[in-house]
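Novice:
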Amino acid sequence: MVAVVGPSGAGKDTLMAYAARFLEGRDDVVFVRRVITRNAAGGEDHDGVSEAEFEALEQAGRFAVSWDAHGLRYGIPVETKEAIAKGQLVVANGSRSALSRFKDTYPSLVVINITASLDVLAARLEARGRETREEILRRLERSSLAVTGDYHVVTIDNSGSLEDAGRALVEALKGCFASHRIG
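Position 60 (the sequence shown) corresponds to 608 in our numbering; numbering is contiguous.
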């Protein structure tokens, strides 16, 4: 399991889409569609559900990992455990706050921490139009870009070009295959 984490605006979804296009057609790599309690608007390809639907799915054991963040609920489908058991590399958009849950569920967890400079993060978040510049700067000031804990972490700076950071993500995913070869 590879959990891709990082602050809002770091470009996690964009880089995962880049890597998915690069690795398209491979049956040994799975990019996870998260379940989130928000509508389908936004950059991430996900399954949007209501709070009640999420609760029902969680109670039915349909999530391998779930967590709350920023007023939303997130779930990683339980089928990811089966994919890993079959030897597939599973890549999911995660959360730094949920890494201990990921590690409990997926002991061979690799964390890819996507970062960007504070100026780049602020500009990207401001372009979304969801928050004022002042709200964005306050949020960025209180957040850390580091991953803390006993995890295998690969950090990718996405302050520059998409191609550079995208290639770095693809190379990091290639490194996750001990006995497979991604070409």
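Beta carbons: idealized from backbone N, C-alpha and C, even for Gly.
These numbers were taken from a predicted model, which means no experiment stands behind them.
At 4 residues or longer, what runs of the alpha helix (DSSP H) sit wholly inside the region 616 to 666?
Specialist: Here the runs fully enclosed are 627 to 633, 647 to 653.
Novice: I'd like to know whether the C-beta atoms of Arg610 and Asp593 end up nearer to each other than 8 Å.
Specialist: At the C-beta level, Arg610 and Asp593 stay beyond 8 Å of one another.
Novice: With 8 Å as the threshold, decide whether the Cβ of Arg574 is near any Cβ in chain C.
Specialist: Among the chains of the structure shown, chain C does not appear; only one protein chain is present.
Novice: On the three-state DSSP scale, how would you describe Gly731?
Specialist: With a pLDDT of 44 at Gly731, under the threshold of 50, the predicted position of this residue should be treated as unreliable, though the coordinate-derived value follows. Residue state, collapsed to three classes: coil.
Novice: Quick check on the DSSP output: the alpha helix (DSSP H) that includes Val695 runs from which residue to which?
Specialist: No alpha helix (DSSP H) holds Val695; DSSP gives it neither H nor E.
Novice: Helix, strand or coil for Phe570? Go by DSSP, reduced to three states.
Specialist: helix
Novice: With 16 other CB atoms within 10 Å as the buried threshold, where does Lys651 fall?
Specialist: buried
Novice: Do you know how far the Cα of Val702 is from the Cα of Asp578?
Specialist: Note on residue identity: the sequence assigns Val, not Asp, to residue 578. For Val578 and Val702, the distance between alpha carbons rounds to 19 Å.
Novice: If you count every other CB in all the chains shown that lies within 10 Å of the CB of Ala551, and 16 or more means buried, which is it?
Specialist: buried
Novice: Buried or exposed for Glu719, going by 16 or more other Cβ atoms inside 10 Å?
Specialist: exposed
Novice: For the candidate residues Val668, Thr696, Gly623, Ser598, whose alpha-carbon lies nearest to that of Leu688?
Specialist: Val668
Novice: Beta carbon of Trp615, beta carbon of Ala565: below 8 Å?
Specialist: no
Novice: Can you check whether the CB of Leu637 is closer than 8 Å to the CB of Phe570?
Specialist: no
Novice: Between which two residues does the beta strand (DSSP E) carrying Phe602 extend?
Specialist: No beta strand (DSSP E) contains Phe602, which is instead part of the alpha helix (DSSP H) from 599 to 607.
Novice: Please report the distance separating the alpha-carbon of Arg583 from that of Ser656.
Specialist: For the record, residue 583 in the displayed sequence is Val; it is not Arg. Looking at the two C-alpha atoms, the distance is approximately 23 Å.
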